[in-house]
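Heads up, the thing below is written out as structure tokens.
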Amino acid sequence: MWSDHRFESPLVGVALSAEPAGAAAACTLGERPFLELTLVRGDGTSAAFRDAIRAATGAELPLAPNTVAASADYQVFWLGPDEWLLQSARPHVPDMERTLRAALAGQFAAVTDVSSGYTVLRLAGSKARAVLQKGCPLDLHPRVFRSGQCAQSHYFKADILLYPVADDAWELVVRRSFADYAARILTDAMAEYLA
Numbered sequence: 179m180w181s182d183h184r185f186e187s188p189l190v191g192v193a194l195s196a197e198p199a200g201a202a203a204a205c206t207l208g209e210r211p212f213l214e215l216t217l218v219r220g221d222g223t224s225a226a227f228r229d230a231i232r233a234a235t236g237a238e239l240p241l242a243p244n245t246v247a248a249s250a251d252y253q254v255f256w257l258g259p260d261e262w263l264l265q266s267a268r269p270h271v272p273d274m275e276r277t278l279r280a281a282l283a284g285q286f287a288a289v290t291d292v293s294s295g296y297t298v299l300r301l302a303g304s305k306a307r308a309v310l311q312k313g314c315p316l317d318l319h320p321r322v323f324r325s326g327q328c329a330q331s332h333y334f335k336a337d338i339l340l341y342p343v344a345d346d347a348w349e350l351v352v353r354r355s356f357a358d359y360a361a362r363i364l365t366d367a368m369a370e371y372l373a
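In terms of the working numbering, the sequence shown has 357 at position 179, counting the first letter as 1, and numbering is strictly consecutive.
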């Protein structure tokens, strides 16, 4: 299946930090390339719409602002009152758009595959929050922003979808055109903690 496609990360020329040697690593930055990302718009109050999303992803549609629902295969991010982002747990050739278009036929809905337009960065370590606070205006304190939540914001000049995946790990969905800039500015912000 993969042999018919050629994929290239937008970060092909950027040296990201290696995985931490131990649990005490101050900060690491990695990419989770080639995840399937699908934007869905529709009526969250419609049982048929919610059922179609659940059947396709295995996750409930989050209806509360800035929340995330997850299954073993997908995460579903609330982006707006009628907009969600579906993200696969593992890399694969995108097929969710086709699946949902068929499931949502006849409903007032829109489905768009945006996999090739974004990548996902993972920032982890004891100083990850401090690195993010250098360029993101959100309140990132764990009492305010924790796992199960997401927010659209920016990191310096790059628009991001940010969500904590653990106490010391965060993922950022970044536009492909800003991925190089975001990775380099994150790497620069990490430098003081890696010396």
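Every residue, glycine too, gets a C-beta built ideally from N, C-alpha and C.
When beta bridges are read from the DSSP output, residue 208 appears opposite 300. For residue 255, the enclosing beta strand (DSSP E) starts and ends at 252-258. When the Cα atoms are used, residue 299 and residue 282 turn out to be separated by approximately 31 Å.
Every unbroken stretch of the alpha helix (DSSP H) spanning 4 or more residues and falling wholly within the stretch 262-290 is given here in chain order: 274-281.
As the crow flies, the alpha-carbon of residue 332 is around 5 Å from that of residue 338. Less than 8 Å separates the beta-carbon of residue 309 from that of residue 367. Under the DSSP assignment, residue 366 falls in the alpha helix (DSSP H) whose first and last residues are 354-372. Beyond the five residues adjoining it in sequence on each side, residue 191 comes within less than 6 Å, by CB distance, of no other residue in the same chain. Residue 352 sits buried, since 16 or more C-beta atoms from the chains shown fall within 10 Å of its C-beta. Here residue 187 carries a coil assignment [DSSP, helix/strand/coil]. According to DSSP, residue 329 shares a beta bridge with 340. The beta-bridge partner set that DSSP reports for residue 219 consists of 261 and 288. Residue 246 sits in a strand when the DSSP states are folded into three classes. Around the beta carbon of residue 323, 16 or more other beta carbons lie within 10 angstroms, which makes this residue buried.
Look at residue 230 here: in three-state DSSP terms it is helix. Taking residue 227 as the centre and dropping the five residues before and after it, the same chain places the C-beta of 220, 221, 239, 282, 285 and 287 closer than 8 Å to its C-beta, in chain order. A distance of 8 Å or more separates the beta carbons of residue 254 and residue 241. Of the residues assessed, residue 225 falls on the exposed side of the cut-off, its CB having fewer than 16 other CB atoms within 10 angstroms.
Rounded to whole angstroms, the separation of the alpha carbons of residue 276 and residue 302 is 34 Å. For residue 268, the number of other beta carbons within 10 angstroms of its own is below 16, and it is reported as exposed. Closest option to residue 278, judged by alpha-carbon separation, among 354, 217 and 259: 217.
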